[in-house]
Every structure is written in C-alpha cells, then in structure tokens.
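J.:
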Amino acid sequence: MTSTANNPSDTAVTSSTATYDNAVYLNTSHGSEVINSRITGNRYGVGVEASEDVLLEGNTVSNNTYHGINFGSNNHLAIVRNNNVRRNGQYTVHVYGNNLNIMLSDNTISNSGQHGLYLRDNNDDGLIERNVIQNNGYAGVYFLYNHNRVTLRDN
Numbered sequence: 002m003t004s005t006a007n008n009p010s011d012t013a014v015t016s017s018t019a020t021y022d023n024a025v026y027l028n029t030s031h032g033s034e035v036i037n038s039r040i041t042g043n044r045y046g047v048g049v050e051a052s053e054d055v056l057l058e059g060n061t062v063s064n065n066t067y068h069g070i071n072f073g074s075n076n077h078l079a080i081v082r083n084n085n086v087r088r089n090g091q092y093t094v095h096v097y098g099n100n101l102n103i104m105l106s107d108n109t110i111s112n113s114g115q116h117g118l119y120l121r122d123n124n125d126d127g128l129i130e131r132n133v134i135q136n137n138g139y140a141g142v143y144f145l146y147n148h149n150r151v152t153l154r155d156n
C-alpha cells in the first residue's frame, strides 16, 4: 500500500479483516512504503515480517486492540518516522526478534496499555531518536534480551 496523499484521512484502513489480523501486513516485502495513512480500529495496525527496506512515514496508527506497529522477526533496514502512534491496547510499537537497522525517529508514541516502545530479542544496530514517548501504561521504552549497538537519544 502506497499513498502519497497530503492528508492522512485520504487513505484509511479501518476495522479491516486482514491477513494475520493486521490492517497492513508486509511479509517478505522489499522496498514497501506505507505513507500518510490512517490505520485504526483493527486487531493489529501494521505488521512487518521478514522484510527489507521498509518505510512507514506520516501515518496515524491508533485504537488497535494489540500493537500499533509490530515488527516480527528477521527485518532489515526499516525506517519509521513522523508517525503518530497512540492508544493501542498493548504496545504502541513492538520490535521482536532478530531485526537489523530499525530506525525510529520523530514519532509520537503515546497512551498504550503497556509499553510505548518494546524491543525484545536480538535487535541490532538500531536508532531511536527525537521521539515523544509519553503516557504509556508501563515503561515508555522497554528493552528485553540481547540488543547490540542500539542508540537511544534525544527522546
């Protein structure tokens, strides 16, 4: 899904019946972009797994039952920037297992039921910078298990 609309409400995925319960699901995808979209009211907002060179930019991802943005295992080079990710049930942004070069910058990550940003299991060479992370149920940023060269700054 690629949208070049200047208004996020021009592209919306709301209460969808989608693959693996994700409104948008990128699996073994290369060079995919989700831009200026509104993704709300689903079980999961955006799911990315075993993909490379992914851009999520300018989206509003909210009111999803579990995760707003979920990176499953084995992703390489993903950029998540200038998104408003809020009011998702568990984790607003979840990065899980064997990911390399995940960059999150200039996002608003807020009001999740549990952690705002949850990194789990072997995520390496990541950058998390200039995000507003606030009003989450537990930790704003939570790291669990074996992360190498992940930089957290200016949040």
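According to the working numbering, the stretch in the sequence shown is residues 2 to 156, in order.
Glycine included, every Cβ here is placed at the ideal spot set by N, Cα and C.
Just so you know, these numbers come straight off a predicted model, no measurement behind them.
1) Which term fits Asn147, buried or exposed, when burial requires 16 or more other beta carbons within 10 angstroms of its beta carbon?
2) Looking at Thr93: is its Cβ nearer than 7 Å to the Cβ of Ile80?
3) Who are the near neighbours of Val35 in its chain, counting only those whose CB is closer than 7 Å to its CB and skipping five residues on each side?
4) With H, G and I counted as helix, E and B as strand and the rest as coil, what does DSSP make of Asn156?
5) Ends of the beta strand (DSSP E) at Tyr92?
6) From Asn108 to Asn28, what does the alpha carbon distance come to, in whole angstroms?
7) Counting along the chain, where does the beta strand (DSSP E) carrying Tyr146 start and finish?
8) Does DSSP put Asp122 in a helix, a strand or coil?
9) I'd like the span of the beta strand (DSSP E) that includes Thr66, first residue to last.
T.: Working from what's here:
1) Stepping through the sequence shown from its first residue, residue 147 is reached at position 146. So Asn147 counts as exposed.
2) Taking the first residue of the sequence shown as 1, we reach residue 93 at position 92. Taking the first residue of the sequence shown as 1, we reach residue 80 at position 79. It is not a contact, given that the beta carbons lie outside the stated cut-off.
3) Numbered from its first residue, the sequence shown carries residue 35 at position 34. Closer than 7 Å at the Cβ level, and outside the excluded window around Val35, lie Met2, Val25, Val47, Leu57, Asn60.
4) Here residue 156 is taken as the residue at index 155 of the sequence shown, counted from 1. Asn156 falls in the coil class under three-state DSSP.
5) As a first step, residue 92 must be located in the sequence shown, where it is residue number 91. Counting along the chain, Tyr92 falls outside any beta strand (DSSP E), and DSSP gives it neither H nor E.
6) Translated into the one-based positions of the sequence shown, residue 108 becomes position 107. Translated into the one-based positions of the sequence shown, residue 28 becomes position 27. Whole-angstrom Cα-Cα distance: 23 Å.
7) Taking the first residue of the sequence shown as position 1, residue 146 is located at position 145. Careful: Tyr146 lies outside any beta strand (DSSP E) and carries neither H nor E.
8) As a first step, residue 122 is located in the sequence shown; it is residue number 121 there, counting from the start. Reduced to three states, the DSSP call for Asp122 is coil.
9) Position 65 of the sequence shown, counted from the first residue, corresponds to residue 66. Where Thr66 is concerned, there is no enclosing beta strand (DSSP E), given that its DSSP letter is neither H nor E.
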